[in-house]
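Below: one structure, written as structure tokens.
Residue numbers (the numbering used here): 106 to 719.
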């Protein structure tokens, strides 16, 4: 099982020599290998406040060690298993043992009594099936998907355990599956029509909260990116090992305090919403050298290619099909999905991929191949039950939960508004028969060892709504109205939030992604003006005033589809690593209904005899 704190993972590397001057990778004699390290963070369900900073720092170091091991496995001088063991695995285990000792000491100083951490230093080197192909012929791993699982998730074909061999070679980089040599591969994509239609959500009950509240915060047209994660790795630059899009709060870095977030500018139309919404960027693997091409979190860690700006982002808060909702506490942190689901397994995965016009069909472990004229959609349905006490937890997970199918929260938890985040991209279906040479592959940024698998998709949220606006949201949802930026304030719409994942007809018109001209693309914080107005023609039928806030030129487009009910996975999260001290904290580039406890997606292939996850 995954844990946001980090400290473990399975490193998979298709061991080829670095690209030669001609751009042709040289295959070694012993193929693809993996390093499997136990996830230390997974065992730390409780961390005393006095030791939290020290533990977070050391867990980040464990992740950094794994990332370095991954890079070392790609060294052409590592020619056999013995050399990999002596040069990479043995030193890795020594470093992990020392780091785990420091974690244990920090916990003991705070009065905790950790048990068994010392046994988690060992890592295993394993050879896996080599995959040599040109992007079309790919040797499948041992584990095949079983088709549709019990919750209607799509499992056609296994998640690749290895990288594609000799895939496209773009920008002079190694081409072992994706342009940077670490994925994706053709088997990571599936026709959206292969996904079965989602089951209908159960009907709302008498005391259901049927309303919706929309906030409009733009599409990150001003190019605010970084590879930090202030939730998981506060104070650690490049703690995410991949780049995030940020909308809403404009001051989110690893070093942002709660007060910094409260005092920040916001890209949201309603200035009372200073919440921060962020997710891994999507890139086209077309050889483009972004400004992060030579930086940690970017090209140095396999996240290469052109960052794609979303065409549309819709942020909708929905109610509960069984009960009224209560206000979210200020600074509540929620991570949904698991950034390491390829390694950790699907238990905490919450990826949902689809296409406009097909959003009753959702893929969990595949990128969608959309027909011409249809856009790629990624949807995050966040946890909607809160423990009533904590704004965060040691593993960034146990203070919130998913509701049951009928909307029931676990004992001791209460229903809160559920964030449904819908992100649309104008990207074409890649040409899989030639490894993306004709039409490039697209993929999310990921930790290096996660190989850009779609199952690793995830989203992060920190509530920085002011009290007045949060009260308005709760009242709107509980009263069955449709409110917020870009919606008709007085029209309740059909108000059917449906069952477990906020399904049904949300109504609500355009989310009003602002308008106006884009700012100087080189500025990560400086906004442009937004005075565009949008007409919201959602099911609520209201006319939305989409006056864009600074820095968020809008599309003026109506969302093509409101959130629909699908089965979800519980939230996991990101893990952190400690980079070099001179890495930038912020990067900018011109290119750029109620939840359910779901069943797991198909288990990913991670090589032979994978160590059991805790």
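Using N, Cα and C, we set each Cβ at its ideal position, and we do this for glycine too.
Per the coordinates, the alpha-carbon of residue 160 lies some 8 Å from the alpha-carbon of residue 212. Using a 10 angstroms sphere on the CB of residue 515, the tally of other CB atoms stays under 16, which defines it as exposed. Three or more beta-carbon pairs drawn from the stretch 418-430 and the stretch 578-590 are found closer than 8 Å, and the two stretches are therefore classed as touching.
Looking from the CA of residue 207, the closest CA among 537, 474, 167, 191 belongs to 167. Counting C-beta pairs closer than 8 Å gives three or more between the stretch 513-531 and the stretch 481-491, which meets the contact rule. The DSSP assignment places complete beta strand (DSSP E) segments of no fewer than 3 residues inside the stretch 500-545 at 523-530, in order along the chain. Residue pairing by DSSP leaves residue 475 without any beta bridge partner. The continuous beta strand (DSSP E) containing residue 441 extends over residues 438-442. Closest in C-alpha terms to residue 462, from the list 393, 587, 473, comes 473. Residues 349, 350, 351, 357, 565 of the same chain have their beta carbon placed closer than 7 Å to that of residue 383, with the five preceding and five following residues left out of the count. CA-CA distance, residue 327 to residue 572, rounds to 28 Å.
Here the stretch 427-439 makes no contact with the stretch 541-553; the two share fewer than three CB pairs at distances below 8 Å.
Inclusion of residue 527 and residue 484 in the CB contact set at 8 Å is warranted, their separation being smaller than that value.
Residue environment for residue 576: exposed (fewer than 16 other C-beta atoms within 10 angstroms of its C-beta). Between the alpha carbons of residue 193 and residue 502 lies a gap of roughly 32 Å.
Taking every protein chain shown into account, the CB of residue 146 has 16 or more other CB atoms within 10 angstroms, so this residue is buried.
Counted as a single uninterrupted DSSP element, the stretch harbouring residue 427 is not any alpha helix (DSSP H), since DSSP gives it neither H nor E. Residue 427 is positioned such that its CB atom lies closer than 8 Å to that of residue 313. The C-beta separation of residue 155 from residue 215 comes to about 4 Å, placing the pair in contact by the 8 Å criterion. Within the same chain, 439, 488, 491 come within 6 Å of residue 505 by CB-CB distance, once the 5 residues on both sides are set aside. By the C-beta density criterion, residue 144 is buried, having at least 16 other C-beta atoms within 10 angstroms.
Within the DSSP bridge table, the entry for residue 349 names 331, 385 as partners. DSSP places residue 206 in the uninterrupted alpha helix (DSSP H) bounded by 195-214.
Under the three-state reduction of DSSP, residue 572 is assigned to helix. When the beta-carbon positions are compared, residue 447 and residue 574 stay at least 8 Å from each other.
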